[in-house]
Each structure stands twice: as C-alpha cells, then as structure tokens.
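Quick notes on the structure that follows.
Protein chains in written order, with this note's numbering: chain A, 779 to 1051; chain B, 74 to 138.
So this is what it looks like as structure tokens:
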C-alpha cells in the first residue's frame, strides 16, 4: 500500500523548490518514513535547519520547525534541547551549511554529545548560492568558483564527527532510498549526538559542471561508490580505493549525554543553597 | 489466481520530469510523455514500489489494495 506522506506534510506547500532529480526530496521522504516508524508526536518533535537547499526541508514538514541563521542550526538546537530535554530534536542541512559556515557549531555539538540527530545532505557543493565549492567538493572537481578544478582536499564528514566526539555516525546515499529511514530511526533512538551523512546529487550546479549527463548517471555513481560496511570487511585496501562505506559506522553508548549531565549540575546547584 | 493490477497515480502538478522513476522501474512500466511521466504498460507492474520510493517530488503513488 502506498505510504501516506500527506499526514506529515504541511498542506499547500508542495511542489517543493528543489530542482528536478534533486535527492533532497528522497531524503525528506526517508525522514518522514522514519518519523512515522518511530511514532513521534508532532508537538514533541522539532526539526531545525540553517540556510541552503537542504535547509528548506523543515518548511514542508508538519511538526515543530525552526529555520535559523546560516550554519547555526546546531547552536539553536542546543538551546532548545537544554530548555526542553524531552523534545526529539532533528537537524537537517547541507554540507556547506554543516561543515563550513556551521563547522564550529557542528564540532562542538559533537563534542558535547547532546542528544540530537544531525542529517547532513552532502551534495558536494553550495547549491542554492550558485555552485561554489564547499569543504566536501572532491579534489579536482569543478564548481563555479573553481572552474579549473578544486585544489582543496575534502572533509570526510564521518571521520570529522567521530574525531569531534559524536557517539553515533552513519552514512547512506540517496540511491539507497530504503536504507535512509532505517539509519535515521537508529540515529534518533540513540541517546547522544548522532550524525547521519546522506550522499546526495545536485544535478543543476554540480552535475552539469562535472560531466554527468543525467540525474540517473549521478544516482548510478552513488550506487557504484557505496560499499556496505559489512561487505567492506572482506575487501582489500585496493578494492576500497575510491569507495565510501555506508551503514552504521560508529556507535558508542558509554559516553555521558549532555542534558543528563547538565541536570546533575542543576541538582548540585540547588543542593548547595 | 488472477493477478490484481495496482493503480499508479501520477500527480502532474508535482512531477518535474526527472526520469528517475522511468529509469529505475525494473519492468519498464513507465514512460515520459512530453514533460511528465505516464503509465505505458500497467500489466507488467510487479508492485515493487521503486518508483514511489525514489520519486523526489511526491508525484507517484502505487495503490495496491
């Protein structure tokens, strides 16, 4: 039976602004399926975003939403979670929003291990502002500001989140559409800061500059480079050259969660009076 | 037992003509007709729901009951 997306969508908001073939719509559907699976209550779920194509997502979903300043979704979300620890807080954003302009807020939210889920849609580029290169644009690839190829090495969001202290890190792709909701379900259930990177396609500003003939070719590239983490265990380093691992890549349940620790601080302060 | 056919609903107000559903349908059920997608061969549909799952624009629904 067809899935009823309508009950999670704000009436009259579709069609969305994303370009034909943009994977953000696939990720949004995954998020809606995940929220439905988890039976989240609309009044107890908050979706926050910064600025960018991916950050338009909360505008379409019918629950508590907050569209904040560029890159500052994690900062606003930290405030929200501190004030209302019972809320389910989900952040969405793109690679430029999350790792460049909001890079500082991102690593410190990881470090604090505050209980929220950050879904980063990595389309390798700043899409909305005209295709400038982002920290996730692969070396040598073209963007509007690097017409002769990008000289910068790129960020690995998974390793960045792990290194900064996030306790749940997963990666999926827009091609593996039915895996997206499963990863998000696990991430939301995890107590602590969870990062889900979804590799995405941007046919308009990235694909057309990097000789992708169609959206389908971009989707097939995601299929080719993705290797499930269990399959990768049996592969050699040579075979893994140029591939990215997908699935749940890191999970730590021993690190204390920030709002729980802060509640103890409040208790101590009250007791000392 | 007679095979029951699904109803494939296509919302042309939402469809942006990206071809994803046409390309990823394993049974070649859909085709592009002008700008929008349309059903070419409903009998071949195996209700795998790939088109509904992958459509980024909420434009396709496969109703099976």
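The beta-carbon is built from N, C-alpha and C at its ideal position, and this holds for glycine as well.
Ordered along the chain, which non-local residues of its own chain (more than five positions away) have a Cβ less than 8 Å from that of residue i?
i	result
residue 881 of chain A	849, 913
residue 79 of chain B	115, 118, 120, 135, 136, 137
residue 841 of chain A	786, 813, 818, 820, 821, 823, 824, 825
residue 988 of chain A	919, 920
residue 931 of chain A	917
Determine the extent of the beta strand (DSSP E) in which residue i is found, giving its start and end residues.
i	result
residue 1027 of chain A	1022-1029
residue 109 of chain B	109-112
residue 866 of chain A	866-872
residue 897 of chain A	894-900
residue 135 of chain B	133-136
residue 82 of chain B	80-83
residue 829 of chain A	Run containing residue 829 of chain A: none; DSSP gives neither H nor E here.
residue 946 of chain A	946-951
residue 843 of chain A	842-845
Is the shortest distance between the beta-carbon of residue i and the beta-carbons of chain A less than 8 Å?
i	result
residue 85 of chain B	no
residue 136 of chain B	yes
residue 126 of chain B	yes
Give every residue of the same chain whose Cβ lies closer than 6 Å to the Cβ of residue i, excluding the five residues on either side of it in the sequence, and list them in chain order.
i	result
residue 81 of chain B	112, 135
residue 1067 of chain A	This structure gives no information on residue 1067 of chain A, because the portion of chain A shown stretches from 779 to 1051.
residue 855 of chain A	826, 867, 869, 894
residue 1036 of chain A	890, 891, 892
residue 973 of chain A	896, 939, 944, 947
Hey, residue i and residue j: beta-carbon distance below 8 Å or not?
i	j	result
residue 852 of chain A	residue 904 of chain A	no
residue 993 of chain A	residue 83 of chain B	no
residue 867 of chain A	residue 835 of chain A	no
residue 830 of chain A	residue 799 of chain A	no
residue 977 of chain A	residue 952 of chain A	yes
residue 791 of chain A	residue 837 of chain A	yes
residue 1022 of chain A	residue 949 of chain A	yes
residue 91 of chain B	residue 123 of chain B	no
residue 935 of chain A	residue 975 of chain A	yes
residue 939 of chain A	residue 888 of chain A	yes
residue 872 of chain A	residue 899 of chain A	yes
residue 1024 of chain A	residue 1004 of chain A	yes
residue 1033 of chain A	residue 970 of chain A	yes
residue 816 of chain A	residue 1026 of chain A	no
Can you find a CB in chain B that lies within less than 8 Å of the CB of residue i?
i	result
residue 783 of chain A	yes
residue 870 of chain A	no
residue 804 of chain A	yes
residue 863 of chain A	no
residue 798 of chain A	yes
residue 992 of chain A	yes
residue 832 of chain A	no
residue 835 of chain A	no
residue 801 of chain A	yes
residue 789 of chain A	no
residue 899 of chain A	no
residue 812 of chain A	no
residue 779 of chain A	yes
residue 996 of chain A	no
residue 916 of chain A	no
residue 792 of chain A	yes
Excluding sequence positions up to five away, which residues of its chain have a Cβ less than 7 Å from the Cβ of residue i?
i	result
residue 808 of chain A	955, 958, 959, 962
residue 933 of chain A	877, 913, 914
residue 132 of chain B	83, 84, 87, 88
residue 996 of chain A	979, 981, 985, 990
residue 811 of chain A	781, 959
How is the alpha helix (DSSP H) around residue i delimited, first residue to last?
i	result
residue 996 of chain A	993-1003
residue 886 of chain A	881-890
residue 105 of chain B	Residue 105 of chain B -> not in any alpha helix (DSSP H); beta strand (DSSP E) instead, spanning 103-106.
residue 802 of chain A	802-815
residue 1039 of chain A	1036-1049
Members of the segment 82-111 of chain B near chain A, C-beta cut-off 7 Å: 86, 87, 89, 90, 91, 92, 93, 96
Under 9 Å (Cβ pairs) to chain B, residues found in the segment 927-961 of chain A: 952, 953, 955, 956
Residues within the segment 1002-1019 of chain A neighbouring chain B, beta-carbon criterion of under 8 Å: none
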